[in-house]
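Accompanying notes for the structure given below.
Number of protein chains: 2
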Amino acid sequence: MNNEYFMETYGFTPDDLDKFFEEKKYRQLRQMLNDLNDVDMAEYLEQLENDDHERALLYFRMLSKDNAADVFSHLPVDTQESIINDVNDRELRVIIDELYVDDAVDMLEELPATVVRRVLANATHETRSLINQFLKYPEDSAGSIMTAEYLALKKEMTVFNAFDYIRAHGQDSEQIYVLFVTDAQRHLEGIVTIKDLLMNSYETRIAEIMDDNVIKCVTTDDQEEVANQFTRYDLLSMAVVDQENRLVGIITVDDVVDVMEDEATEDIEKMAAIVPTEKPYFQVGIFETWKSRIPWLMLLMVSATFTGIIITNFETALAACVALTGFIPMLMDTSGNCGSQSSVTIIRALSLGDVKLADVARVIWKEVRVAFFCGLSLAIVNFAKIWIVDRSLFGNFGITFYVDLVVCLTLFVTVICAKLVGCTLPIIADSLGFDPAVMASPFITTIVDAVSLLIYFSFARMLLGIG
Amino acid sequence: MNNEYFMETYGFTPDDLDKFFEEKKYRQLRQMLNDLNDVDMAEYLEQLENDDHERALLYFRMLSKDNAADVFSHLPVDTQESIINDVNDRELRVIIDELYVDDAVDMLEELPATVVRRVLANATHETRSLINQFLKYPEDSAGSIMTAEYLALKKEMTVFNAFDYIRAHGQDSEQIYVLFVTDAQRHLEGIVTIKDLLMNSYETRIAEIMDDNVIKCVTTDDQEEVANQFTRYDLLSMAVVDQENRLVGIITVDDVVDVMEDEATEDIEKMAAIVPTEKPYFQVGIFETWKSRIPWLMLLMVSATFTGIIITNFETALAACVALTGFIPMLMDTSGNCGSQSSVTIIRALSLGDVKLADVARVIWKEVRVAFFCGLSLAIVNFAKIWIVDRSLFGNFGITFYVDLVVCLTLFVTVICAKLVGCTLPIIADSLGFDPAVMASPFITTIVDAVSLLIYFSFARMLLGIG
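Protein chains in written order, with my numbering: chain A, 2 to 468; chain H, 2 to 468.
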């Protein structure tokens, strides 16, 4: 725990908490604990739980009803489980009742079945049926990240009525900054912000000030699509409706921020040939990390059989001109780098919505031109470098003019091929319904390796007459 | 423009707008244009601007004062420039006056100097000095993304006074959901949310309900650090203070969402050896794309000279046992992939704050163990694959037991080296104040290539007695 941060923010440190505990000054301790921000308290409790389970439980019980549920929702699932196992049914009922449905669902998805049964048994009938409904939404859908705690106003209300309604029902709502307007059948009709309410007179009817061009999503929409809408329109919350346009929940920007972070991490991991795990680095065990890394390593290693075969087939060519072998790593790496530049750029543009499937021709046309200039500049520089450094400086006179030419022609052509492969494969993957992120560096490298070797040996045969 | 989306959201399509324009039904047209969401209107205007500049300007002038500034802030900078050049000084003054300071600053940073002078000449004295102050904050600092339009309450106010104050001054504030409490010298004392105000009686004093444990940042803090605080504490806005704890601005979550997206894109681009450009794919020209890709390609190509030298030095060994050459691509690719898995994982964990500099020993210890198991499983599978596929199936009898052994021992050792290099380099870069993201795949690959070749030829010398 960061003592300095604690001191600056709260005026006391975790060590002070220990002192009050040892001196049995429980009243002060209780007040200090309830003073902590939910997130800080959750982190503190998680660490305490590892050292002294009994004390962690005591501290948790010292929290007020509201605080307890909020802190609970920020705990990692193993700490949640250990608390659930130790509190009595009455205490459990209070926690479950105060938890937002989306947090409860997140927790239940990871708890063992026996614990889930006890939790559901202690939920009210209403909460239980809500939870069961939420558990059915597919992973990564809008439904899976929405919450059921929102305020719905009616068109006929005045601003005055609306404030009354908010004062009466707002306490349990996750946010009250954007309010939704529905008809008697819960069909979404418009939205109105607290700012709209405050900036208009008390007699104004909601119908007059609500915005009926609502940006909304359907429960089955992809969460990444929802996140892109939040970014595009600078939203604080979004209505989630069912197929009949009935309001069923809202998504708030704090959950979207988490989605964006997770999606970016997932993309980055896939690009590096890692199977995503969705957990912070140190929370993933050795075996689990191994399991997330080995599949792609294995697959890519075995698929290198092709490059092996190509080289074996040209062994005589390589024996006839030994200088050629030395340039294989450079050709493979450069074309691999070129391919991954294109693929990574396109993958990111696809996931941000900057590039769409329909743009494939524009993408290829742009990449070909960029590749032409990249290939040309690399080939020219490399030609000079080989001649000056490798031949003259290091005295490798096996490198003739034609060898240099073969290397640099290969470089030029493979750079173009690599960029073409790099930009088209992610779009193809996307159009087939796969995640384009797996078409990144390692995958592209394996393909481009084989391509560059084939081009290399073809030029060698043409210009050097070997192979 | 997406007709379907327009029809569904607004009940009319861009074609309808064209029709009203041709029929000179300007009153209806004006109403329809003002009905559009700012972001949609900006996108529509941007496209219209390319086809028919005069009409785009006419449409822009049809927007109400409030709408005009909001739409203007969502336009790309070249469209902003063309509008500024065509409106008269009075119109320009209205736009500048209505723009939020952070949007104005973003625009001014990209406009040519002559246009900037005209904009500043038409700003009020107050706006001008604010803009000048904001322009001084370093790029990527908290100061550079904050806005000056916020509401500051006083401790002595009652809830009733606060509502009065919000009604009087809230119209120009970027958000009114979180309010800041300052003393007479503008020192930050606490925060209070609209929800707190609504849930307490009108007589309650702000001092009683405000939260004095404020999560805040200083103007010079890094924006990525600020974004991590938003994620950690689920914030909607954050106070920005100067070195003397005086409130100077606020950062809102919508700007943080953009920061997060930009930072993730920047990391991804750096990981793929691209110099970041901060613009959507199609907005970057061919030459600019070339410029962002060629530096690393050049550097990495030239540094492959080392692998060339290593291979040249072992030419006799390769000539003595030609089968060895065929495995070079597989060894290089697999170790490159292993290295980039580790480096990318660590880079992402560093930027999310999951791993800190102080964790370096824990990271190495974890990676060594993961690498041991990855190396072991890859080596075993590869040994069998070479024996069964390459030797028996393809009849390459140059691959003796000892050749197979050399390849797989090399694989095992290089996997461990690659993961070690991959996890330590980003941490070292971070501790030296460089961005760890440049220590990703391409950079690691170049180092690991040389390492794996050296290990390969050492084992070949030991076990095959060649070289």
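Don't be surprised by glycine CBs; every beta carbon is placed ideally from N, CA and C.
Can you give the beta carbon distance from residue i to residue j, rounded, assuming they're within the 8 Å contact cut?
i        : j        : result
Glu262/H : Met261/A : 7 Å
Val371/H : Thr290/A : 5 Å
Asp39/A  : Tyr11/A  : The Cβ separation is near 13 Å, so there is no contact.
Gly144/A : Val241/A : 7 Å
Asp223/A : Asp141/A : 6 Å
Ile251/A : Met147/A : 6 Å
Tyr282/H : Ala350/A : 4 Å
Leu49/H  : Val72/H  : Rounded, the Cβ-Cβ distance is 12 Å, inconsistent with contact.
Val106/H : Ile132/H : 6 Å
Can you list, in chain order, the residues of its chain whose CB lies under 6 Å from that of residue i, leaving out five sequence neighbours each side?
i        : result
Ser341/H : Ser442 and Ile445
Thr447/A : Leu301 and Ser304
Pro427/A : Ser344, Ile347, Ile348, Pro437 and Met440
Leu109/H : Val117
Glu264/H : Glu225
Tell me, which residues are paired with residue i by DSSP?
i        : result
Phe181/A : Ala153/A and Ile192/A
Thr253/A : Ser238/A
Asp268/A : Bridge partners of Asp268/A: none, in fact.
Arg363/H : Arg363/H is not bridged to any residue.
Arg247/A : His188/A
Cys218/H : Val241/H
Arg206/A : Thr159/A
Apart from the five residues just before and just after residue i, which ones in its own chain have a Cβ nearer than 8 Å to its Cβ?
i        : result
Phe413/H : Gly376, Leu377, Leu379 and Ala380
Lys66/H  : Val95 and Glu99
Leu298/A : Ala274
Val219/A : Ala143, Val241, Val242, Asp243 and Gln244
Asp173/H : Glu150
Leu34/H  : Leu18, Met42, Tyr60, Met63 and Leu64
Arg363/H : none
Lys20/A  : none
Leu237/H : Gln176, Tyr178, Val179, Thr253 and Val254
Give the secondary structure of residue i by DSSP, where H, G and I count as helix, E and B as strand, and everything else as coil.
i        : result
Cys375/H : helix
Asp212/H : strand
His223/A : For the sequence presented, residue 223/A should be read as Asp rather than His. Three-state result, Asp223/A: strand.
Lys420/H : helix
Asp436/H : coil
Lys292/A : helix
Ile400/H : coil
Val452/A : helix
Leu1/A   : The structure shown does not extend to residue 1/A, since chain A spans only 2 to 468, so no value can be given for it.
Lys357/A : coil
Ile347/A : helix
Thr278/A : coil
Asn338/H : helix
Asn201/H : coil
Phe13/H  : coil
Ile445/A : helix
Ile287/A : helix
Gly1/H   : Outside the shown range of chain H, which is 2 to 468, sits residue 1/H, and nothing can be said about it.
Excluding the 5 residues flanking residue i on each side, which residues of the same chain have their C-beta closer than 7 Å to its C-beta?
i        : result
Arg187/A : Arg247 and Leu248
Asp184/H : Glu190
Met333/H : Asp450 and Ser453
Ile387/H : Ile400, Asp405 and Val408
Below 6 Å, is the gap between the Cβ of residue i and the nearest heavy atom of the ligand FMN?
i        : result
Asn246/H : Absence of the ligand FMN is noted for the structure shown, with no ligands found whatsoever.
Quick one: which chain D residues come within Cβ less than 9 Å of residue i?
i        : result
Glu209/H : Structure shown: chain D not included; protein chains present are A and H.
Contiguous alpha helix (DSSP H) assignments of at least 4 residues, all confined to the region 130-176 of chain H: 143-146 and 160-170
4 or more residues per run - each alpha helix (DSSP H) lying fully within the region 34-108 of chain A: Those alpha helix (DSSP H) runs which fall completely within the region 34-108 of chain A and span 4+ residues are 39-52, 54-63, 66-75, 78-87 and 90-99.
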